[in-house]
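Working notes, structure below.
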Amino acid sequence: MTDLDPVIHAQGRLRITAALATLDPDESISFPRLQELLGMTAGNLSTHLRKLEDAGYVDVAKSFKGRTPVTYLSLTRAGRRAFEDYTETLRSFLGGVS
Amino acid sequence: MTPDEPADEGLDTAMDPAAALELLTSEQNRMQRRMAAGLPVILGAWGIAWSVGFTMLWLIDGLAPGFRMPLPIAVVTFIVLMAGAVVVSAVAGARMGRGIRAGAAAAWTGSVFGLTWPVGFAAIFVLGSALLSAGMSREVANIYYPTASVMFVGIMYFLAGGIWQNWGSIVMGGWIVLVACIAPFFGYPTHYLVFAVAGGGVFLVATVLTAIWAYGRRDSGTGRR
């Protein structure tokens, strides 16, 4: 199990990463919409996002909708790759030993 | 653990691969369902508009001489239902897409696809006017306008399935094109009934299927459906 990426292998961050991976590679989602879809508290979501951002897995883009600041989130190329590797590793753990 | 550290952090290390894979698939499944929550609403609005709207047009002469739906009532109902479905689609579509920022390529595709609708209907209308001035009878015009419009809708659904890789949309589009090819052979006014039943029907079937998928019981998250 040591091979599992510790950044992703945590309940909250796995949910966030899995959700972001359903978006197209050049799509991004606003913080409030992601929060609503995941049903997480803002604090919990921010904490996990910071760790994912520090690992270079999530891109946090600040922009403005009118005068209101909006934060858009998306997986980086490295994040998408890491999620695919993570999923593959899980599958190999579960079905790989024959 | 700092105060703002999530409470579930302690449990995280205990998550075994099977539980992790389960969580991952159910999360993705849930996300896709919730993102598509407006789909049954849109399809339902069009299902009602087509079924009721085309039935109203059929009733103008369909049951004559026993019963005749007054022409203004039938036409106004048809227009109101179609306009209502456009509004429902716009609102539900905007709600589904809120907070999602498309990439430049996807935004371009979406805009051009969206613009194709009014361009197509305008072209159908102009061609109809040209045919009328070239001597097309009112009876043939009654067949031309709805059939050309229905065929265009079918082509657009087929195309949408190709662009956004959705077999459901391809099947639906193919079926609607087929309905448009067959309905004129029934002649006026029965072709309206064919559009109501076979055209409206496919929207209603799609409404039920997408509703079951989007709102259905949350299963164990095996990733199937």
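Those protein sequences? They're chains A and B, same order as listed. Under the numbering used here, residue 568 is the last one in the first sequence; the count climbs by one each step, no gaps. Under the numbering used here, residue 250 is the last one in the second sequence; the count climbs by one each step, no gaps. Idealized CB from N, CA, C, for every residue including glycine. In this text the structure is predicted, and so the values were computed from the model without any measurement.
Straight across, the Cα-Cα distance linking I168 (chain B) with V175 (chain B) is about 11 Å. By the Cβ criterion, the region 99-106 of chain B is not in contact with the region 228-237 of chain B, since fewer than three pairs of Cβ atoms, one from each stretch, lie closer than 8 Å.
Nearest to P495 (chain A) by alpha-carbon distance, out of A:T487, A:A525, A:T541, is A:T487. In the DSSP assignment, T134 (chain B) falls within the alpha helix (DSSP H) that extends over 129-158. Our two residues, R551 (chain A) and E558 (chain A), have alpha carbons roughly 11 Å apart in a direct line. In the structure shown, the three-state DSSP call for Y182 (chain B) is helix.
T235 (chain B) and P42 (chain B) do not touch by the CB rule: their CB atoms are close to 33 Å apart, not below 8 Å.
Within the DSSP secondary-structure output, T541 (chain A) pairs in a beta bridge with A:K532. In this structure, G63 (chain B) sits near G118 (chain B), with a CB-CB distance shorter than 9 Å. Residue nearest to A205 (chain B) within the set B:L152, B:G179, B:G78, B:A70 is B:G179 (criterion: CA-CA distance). Cβ atoms of F183 (chain B) and V202 (chain B) come within 8 Å of each other, at about 7 Å.
Annotation: the region 185-219 of chain B contains the following complete segments of the alpha helix (DSSP H) (minimum length 4 residues), in chain order: 192-207, 215-219.
If you look at S498 (chain A), you'll find it in the beta strand (DSSP E) that goes 498-500. Contacts with chain B at 9 Å (Cβ-Cβ) do not include L522 (chain A). G124 (chain B) has its alpha-carbon roughly 24 Å from the corresponding atom of Q481 (chain A). Exclusion of the five residues before and after G145 (chain B) leaves F177, M181 as the residues of its chain whose Cβ lies within less than 8 Å of its Cβ. Not a single CB atom of chain B sits nearer than 9 Å to the CB of D555 (chain A). Contacts with chain B (Cβ-Cβ distance below 9 Å) from the region 522-543 of chain A involve A531, S533, V540, Y542, listed in chain order. Pairwise C-beta distances place the region 71-80 of chain B in contact with the region 106-115 of chain B, as three or more of them are shorter than 8 Å. Taking the Cβ atoms as the reference, G128 (chain B) lies roughly 20 Å from E523 (chain A), outside the contact range of under 8 Å. According to the DSSP assignment, Y556 (chain A) belongs to the alpha helix (DSSP H) that extends over 547-565.
Where S51 (chain B) is concerned, the enclosing alpha helix (DSSP H) starts and stops at 42-60. Restricting attention to A:L508, A:S500, A:R561, the CA atom closest to the CA of K535 (chain A) is found in A:S500. Chain A places a beta carbon closer than 9 Å to that of L48 (chain B), counting this residue as a contact. Here the C-alpha atom of G212 (chain B) lies approximately 42 Å from the C-alpha atom of M60 (chain B).
The criterion of a C-beta distance shorter than 9 Å is satisfied by Y542 (chain A) and A531 (chain A).
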